[in-house]
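Heads up: take any position in the sequence shown, counting from 1, add 104, and you land on our numbering. Backbone N, C-alpha and C fix where the C-beta goes; we use that ideal spot for every residue, glycine too. Quantities reported herein were computed from a predicted structural model and do not represent experimental measurements. Have a look at the structure below before the remarks.
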Amino acid sequence: MKQIISSCPGSCGEWLQGWLRGGEKLISYAIDSFSRVTLEEAGHGLADHQWLKRHRPRAFQMMELIFEEVKASEKDRHSFHVKLESPLPLAKGMASSTADLAAVADGVARWFGMILSPEKLTKLCVQLEPTDSIIHPQTCLMDPLTGEVSFYFEQEPPPLELLILEGKKDIVTASSRKPDHFEKRKAYEKEMEQALKWFQTGLQEKKPSLLAKAAWISALGNEAFYPQPGLRDIQSLALESGALGLNVSHSGSTLGLLFEPEALDEERFSKGWQVLSCRHHYQPPKRHRMIAGGIRREK
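So, in C-alpha coordinates, the structure goes:
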(Lines of atoms letter the chains of each structure in order from A and count residues from 1; the text may use other names and numbers.)
(Lines give C-alpha, C1' and ligand atoms only; values in the text may rest on other atoms or scores of the structure.)
Protein backbone atom coordinates (compact mmCIF):
# COMPACT_ATOMS: atom_id res chain seq x y z
CA MET A 1 0.00 0.00 0.00
CA LYS A 2 1.30 3.42 -0.94
CA GLN A 3 2.24 5.56 2.04
CA ILE A 4 3.81 9.01 2.41
CA ILE A 5 5.01 10.45 5.74
CA SER A 6 6.22 14.04 6.14
CA SER A 7 6.97 15.95 9.31
CA CYS A 8 8.04 19.48 10.21
CA PRO A 9 9.44 20.66 13.56
CA GLY A 10 7.83 23.33 15.67
CA SER A 11 9.67 26.05 17.56
CA CYS A 12 9.83 27.83 20.87
CA GLY A 13 9.47 31.24 19.31
CA GLU A 14 12.31 33.18 17.74
CA TRP A 15 15.83 34.33 18.45
CA LEU A 16 14.58 37.71 17.41
CA GLN A 17 11.75 39.37 15.53
CA GLY A 18 11.21 43.00 14.66
CA TRP A 19 11.72 45.74 12.10
CA LEU A 20 14.97 45.16 10.19
CA ARG A 21 16.21 46.01 6.71
CA GLY A 22 13.01 47.84 5.70
CA GLY A 23 10.44 45.36 6.95
CA GLU A 24 9.47 42.87 9.62
CA LYS A 25 11.99 40.06 9.94
CA LEU A 26 12.55 37.08 12.20
CA ILE A 27 15.05 34.36 13.00
CA SER A 28 13.29 31.22 14.22
CA TYR A 29 14.79 28.05 15.65
CA ALA A 30 13.37 24.54 15.58
CA ILE A 31 12.83 22.14 18.48
CA ASP A 32 12.54 18.37 18.82
CA SER A 33 8.74 18.29 18.51
CA PHE A 34 7.01 17.68 15.17
CA SER A 35 3.78 17.89 13.23
CA ARG A 36 3.57 14.59 11.36
CA VAL A 37 1.38 13.86 8.34
CA THR A 38 0.66 10.35 7.03
CA LEU A 39 -1.03 9.75 3.68
CA GLU A 40 -2.31 6.28 2.73
CA GLU A 41 -4.30 4.92 -0.19
CA ALA A 42 -8.03 5.20 0.34
CA GLY A 43 -8.73 1.71 -1.03
CA HIS A 44 -12.14 1.12 -2.57
CA GLY A 45 -13.86 4.08 -0.93
CA LEU A 46 -13.16 7.78 -1.34
CA ALA A 47 -11.58 9.79 1.47
CA ASP A 48 -13.52 12.93 2.40
CA HIS A 49 -10.85 14.72 4.53
CA GLN A 50 -13.56 16.00 6.87
CA TRP A 51 -11.48 15.63 10.04
CA LEU A 52 -8.81 17.91 8.61
CA LYS A 53 -11.41 20.40 7.43
CA ARG A 54 -13.08 20.58 10.86
CA HIS A 55 -10.06 20.47 13.17
CA ARG A 56 -7.25 22.03 11.11
CA PRO A 57 -8.99 24.32 8.59
CA ARG A 58 -5.77 26.06 7.55
CA ALA A 59 -4.12 22.72 6.86
CA PHE A 60 -7.17 21.78 4.78
CA GLN A 61 -6.75 25.02 2.84
CA MET A 62 -3.12 24.12 2.24
CA MET A 63 -4.16 20.76 0.85
CA GLU A 64 -6.47 22.60 -1.55
CA LEU A 65 -3.58 24.84 -2.63
CA ILE A 66 -1.46 21.79 -3.42
CA PHE A 67 -4.31 20.26 -5.42
CA GLU A 68 -4.24 23.39 -7.56
CA GLU A 69 -0.44 23.24 -7.87
CA VAL A 70 -0.48 19.67 -9.18
CA LYS A 71 -3.76 20.12 -11.10
CA ALA A 72 -5.30 17.13 -9.32
CA SER A 73 -8.54 15.70 -10.69
CA GLU A 74 -11.57 15.37 -8.43
CA LYS A 75 -10.97 11.62 -8.18
CA ASP A 76 -7.29 12.07 -7.31
CA ARG A 77 -8.18 14.55 -4.56
CA HIS A 78 -9.97 11.75 -2.72
CA SER A 79 -7.50 8.95 -3.48
CA PHE A 80 -5.85 9.03 -0.05
CA HIS A 81 -6.58 9.29 3.66
CA VAL A 82 -4.63 11.91 5.57
CA LYS A 83 -3.77 11.79 9.27
CA LEU A 84 -2.21 14.77 11.05
CA GLU A 85 -0.60 14.26 14.46
CA SER A 86 1.14 16.90 16.55
CA PRO A 87 2.07 17.39 20.21
CA LEU A 88 2.64 21.11 19.55
CA PRO A 89 0.15 23.28 21.47
CA LEU A 90 -2.10 25.51 19.39
CA ALA A 91 -2.01 29.32 19.54
CA LYS A 92 1.01 29.52 21.88
CA GLY A 93 3.66 30.80 19.46
CA MET A 94 5.32 27.40 18.99
CA ALA A 95 4.83 27.32 15.21
CA SER A 96 2.18 24.61 15.39
CA SER A 97 0.35 26.07 12.40
CA THR A 98 3.48 26.53 10.28
CA ALA A 99 4.54 22.96 11.08
CA ASP A 100 1.08 21.64 10.17
CA LEU A 101 0.94 23.58 6.91
CA ALA A 102 4.44 22.63 5.79
CA ALA A 103 4.02 18.95 6.63
CA VAL A 104 0.66 18.75 4.83
CA ALA A 105 2.00 20.62 1.80
CA ASP A 106 5.05 18.39 1.51
CA GLY A 107 3.12 15.17 2.03
CA VAL A 108 0.33 15.93 -0.43
CA ALA A 109 2.76 17.27 -3.05
CA ARG A 110 4.89 14.11 -2.80
CA TRP A 111 1.75 11.99 -3.14
CA PHE A 112 1.47 13.44 -6.63
CA GLY A 113 5.20 13.18 -7.37
CA MET A 114 6.15 16.81 -6.70
CA ILE A 115 9.05 17.80 -4.42
CA LEU A 116 8.71 21.28 -2.94
CA SER A 117 11.77 23.32 -1.98
CA PRO A 118 11.86 25.13 1.38
CA GLU A 119 11.43 28.39 -0.53
CA LYS A 120 8.32 27.11 -2.32
CA LEU A 121 6.87 25.67 0.89
CA THR A 122 7.33 29.02 2.62
CA LYS A 123 5.68 30.90 -0.24
CA LEU A 124 2.68 28.60 -0.01
CA CYS A 125 2.42 29.04 3.76
CA VAL A 126 2.43 32.84 3.65
CA GLN A 127 -0.56 32.72 1.33
CA LEU A 128 -2.53 31.55 4.37
CA GLU A 129 -0.86 33.28 7.35
CA PRO A 130 2.40 34.77 8.71
CA THR A 131 5.02 32.03 8.78
CA ASP A 132 8.13 30.96 10.70
CA SER A 133 11.51 30.21 9.15
CA ILE A 134 11.65 26.69 10.62
CA ILE A 135 10.82 25.31 7.17
CA HIS A 136 14.40 26.15 6.16
CA PRO A 137 17.14 23.69 7.24
CA GLN A 138 19.57 26.60 7.54
CA THR A 139 19.19 29.49 10.00
CA CYS A 140 18.07 32.59 8.12
CA LEU A 141 16.68 36.11 8.43
CA MET A 142 13.20 35.99 6.88
CA ASP A 143 10.14 38.19 6.37
CA PRO A 144 7.25 36.30 8.04
CA LEU A 145 4.66 38.05 5.85
CA THR A 146 6.19 37.46 2.41
CA GLY A 147 8.48 34.50 3.06
CA GLU A 148 11.41 36.35 1.47
CA VAL A 149 14.78 35.34 2.92
CA SER A 150 17.18 38.28 3.35
CA PHE A 151 20.14 35.96 3.89
CA TYR A 152 21.24 32.63 5.31
CA PHE A 153 23.80 32.63 8.11
CA GLU A 154 27.09 30.90 7.35
CA GLN A 155 27.31 29.44 10.85
CA GLU A 156 24.67 27.65 12.89
CA PRO A 157 23.85 28.12 16.59
CA PRO A 158 25.33 25.48 18.92
CA PRO A 159 23.07 22.58 20.03
CA LEU A 160 21.51 24.33 23.01
CA GLU A 161 18.91 22.85 25.32
CA LEU A 162 15.68 24.46 26.43
CA LEU A 163 13.34 24.68 29.34
CA ILE A 164 10.06 25.71 27.78
CA LEU A 165 7.49 27.72 29.74
CA GLU A 166 4.28 27.41 27.76
CA GLY A 167 1.93 30.29 28.47
CA LYS A 168 -1.68 29.55 29.32
CA LYS A 169 -2.99 32.38 27.13
CA ASP A 170 -3.94 31.59 23.52
CA ILE A 171 -2.85 34.03 20.80
CA VAL A 172 -3.88 33.43 17.18
CA THR A 173 -1.11 34.86 15.00
CA ALA A 174 -3.15 35.85 11.97
CA SER A 175 -5.77 37.78 13.96
CA SER A 176 -3.57 39.33 16.67
CA ARG A 177 -1.92 42.14 14.71
CA LYS A 178 -3.18 45.61 15.66
CA PRO A 179 -3.35 48.66 13.32
CA ASP A 180 -0.27 50.22 14.98
CA HIS A 181 1.78 47.02 14.69
CA PHE A 182 4.32 48.30 12.16
CA GLU A 183 4.71 51.72 13.79
CA LYS A 184 5.65 50.09 17.10
CA ARG A 185 8.04 47.74 15.34
CA LYS A 186 9.73 50.62 13.53
CA ALA A 187 10.19 52.57 16.78
CA TYR A 188 12.45 49.76 18.07
CA GLU A 189 14.49 49.40 14.87
CA LYS A 190 17.83 50.64 16.27
CA GLU A 191 17.66 48.16 19.13
CA MET A 192 16.84 45.36 16.70
CA GLU A 193 19.80 46.27 14.49
CA GLN A 194 22.02 45.95 17.56
CA ALA A 195 20.39 42.63 18.44
CA LEU A 196 21.12 41.34 14.94
CA LYS A 197 24.77 42.39 15.29
CA TRP A 198 25.06 40.52 18.60
CA PHE A 199 23.47 37.47 16.98
CA GLN A 200 25.87 37.52 14.04
CA THR A 201 28.88 38.02 16.32
CA GLY A 202 27.70 35.19 18.57
CA LEU A 203 27.59 32.83 15.59
CA GLN A 204 30.95 33.94 14.20
CA GLU A 205 32.74 33.74 17.54
CA LYS A 206 30.79 30.68 18.74
CA LYS A 207 29.60 32.52 21.85
CA PRO A 208 26.06 31.42 22.75
CA SER A 209 25.91 34.09 25.46
CA LEU A 210 25.79 36.71 22.69
CA LEU A 211 22.93 34.86 20.98
CA ALA A 212 21.04 35.01 24.27
CA LYS A 213 21.87 38.71 24.57
CA ALA A 214 20.32 39.31 21.15
CA ALA A 215 17.25 37.30 22.14
CA TRP A 216 16.80 39.36 25.31
CA ILE A 217 16.90 42.67 23.41
CA SER A 218 14.22 41.36 21.07
CA ALA A 219 12.15 39.99 23.97
CA LEU A 220 12.10 43.41 25.64
CA GLY A 221 10.96 45.06 22.42
CA ASN A 222 8.15 42.56 22.09
CA GLU A 223 6.65 43.64 25.42
CA ALA A 224 4.86 46.42 23.50
CA PHE A 225 2.87 43.75 21.66
CA TYR A 226 2.55 40.66 23.82
CA PRO A 227 3.63 41.35 27.43
CA GLN A 228 4.88 38.16 29.06
CA PRO A 229 3.98 37.81 32.77
CA GLY A 230 7.06 38.10 34.97
CA LEU A 231 9.49 38.34 32.06
CA ARG A 232 12.27 40.11 33.98
CA ASP A 233 11.85 37.93 37.07
CA ILE A 234 12.10 34.80 34.95
CA GLN A 235 15.18 36.14 33.15
CA SER A 236 16.87 36.82 36.50
CA LEU A 237 16.04 33.35 37.78
CA ALA A 238 17.28 31.79 34.54
CA LEU A 239 20.65 33.53 34.83
CA GLU A 240 20.98 32.61 38.51
CA SER A 241 20.32 28.97 37.59
CA GLY A 242 23.04 28.74 34.96
CA ALA A 243 21.02 29.49 31.84
CA LEU A 244 22.27 31.85 29.14
CA GLY A 245 19.00 33.76 29.22
CA LEU A 246 15.66 33.40 27.50
CA ASN A 247 13.81 34.09 24.29
CA VAL A 248 10.11 34.65 23.65
CA SER A 249 7.56 33.59 21.10
CA HIS A 250 6.97 36.99 19.53
CA SER A 251 3.39 36.20 18.54
CA GLY A 252 2.54 33.87 21.41
CA SER A 253 2.67 33.37 25.16
CA THR A 254 5.62 30.97 25.49
CA LEU A 255 9.19 31.48 26.75
CA GLY A 256 12.32 29.40 26.22
CA LEU A 257 15.15 29.27 28.76
CA LEU A 258 18.36 28.78 26.80
CA PHE A 259 21.22 26.76 28.26
CA GLU A 260 24.20 24.71 27.24
CA PRO A 261 24.03 20.94 27.89
CA GLU A 262 24.33 20.12 31.60
CA ALA A 263 24.67 23.82 32.53
CA LEU A 264 21.24 24.38 34.10
CA ASP A 265 20.92 23.91 37.86
CA GLU A 266 17.41 22.47 37.73
CA GLU A 267 17.06 22.20 41.50
CA ARG A 268 17.89 25.87 41.94
CA PHE A 269 15.55 26.87 39.15
CA SER A 270 12.73 24.72 40.55
CA LYS A 271 13.03 26.26 44.01
CA GLY A 272 13.08 29.77 42.59
CA TRP A 273 10.19 29.00 40.25
CA GLN A 274 7.96 27.90 43.10
CA VAL A 275 8.10 31.33 44.74
CA LEU A 276 7.49 33.38 41.58
CA SER A 277 3.92 34.64 41.49
CA CYS A 278 3.96 34.70 37.68
CA ARG A 279 4.32 30.89 37.51
CA HIS A 280 0.51 30.57 37.51
CA HIS A 281 0.48 32.03 34.00
CA TYR A 282 2.53 29.12 32.63
CA GLN A 283 2.30 25.36 32.28
CA PRO A 284 4.91 23.27 34.14
CA PRO A 285 8.37 23.62 32.50
CA LYS A 286 9.34 21.06 29.84
CA ARG A 287 12.79 20.08 28.58
CA HIS A 288 13.50 20.22 24.84
CA ARG A 289 16.43 20.51 22.46
CA MET A 290 17.16 22.81 19.56
CA ILE A 291 17.48 20.99 16.24
CA ALA A 292 17.92 21.91 12.59
CA GLY A 293 14.83 23.10 10.78
CA GLY A 294 13.40 21.64 7.60
CA ILE A 295 11.02 18.93 6.45
CA ARG A 296 11.71 15.30 7.39
CA ARG A 297 10.62 12.69 4.83
CA GLU A 298 10.22 9.27 6.41
CA LYS A 299 8.62 7.56 3.42
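Put simply, the backbone Cα of residue 379 is about 59 Å away from that of residue 178. Runs of the alpha helix (DSSP H) lying entirely within the stretch 221 to 288 and spanning at least 4 residues, in chain order: 222 to 230.
Between residue 335 and the set 180, 152, 382, 188, the nearest pair of CA atoms involves 382. Using a C-beta cut-off of 8 Å, the stretch 388 to 403 makes no contact with the stretch 148 to 164, since fewer than three inter-stretch Cβ pairs fall below that distance.
Judged by DSSP in its simplified three-state form, residue 337 adopts helix.
Look at residue 178 here: in three-state DSSP terms it is helix. In this chain, residue 385 is not harboured by any alpha helix (DSSP H), its DSSP state being neither H nor E. It is roughly 19 Å from the alpha-carbon of residue 136 to the alpha-carbon of residue 244.
Inter-residue distance for residue 250 and residue 371 is about 43 Å (C-alpha atoms, whole angstroms).
When DSSP reads this structure, residue 151 sits in no beta bridge, so it has no partner. By the CB criterion at 8 Å, residue 208 and residue 253 fall outside the cutoff.
For residue 305, the enclosing alpha helix (DSSP H) covers residues 293 to 308. By the Cβ-count criterion, residue 200 is buried, with 16 or more other Cβ atoms from all chains shown falling within 10 Å of its own Cβ. Annotation for residue 132: the continuous beta strand (DSSP E) segment containing it runs 127 to 145.
Contact between the stretch 232 to 244 and the stretch 284 to 300 is absent, with fewer than three C-beta pairs closer than 8 Å. Counting the other CB atoms within 10 Å of its CB gives residue 166 a total of 16 or more, which places it among the buried residues. In the DSSP assignment, residue 311 falls outside any alpha helix (DSSP H), carrying neither H nor E.
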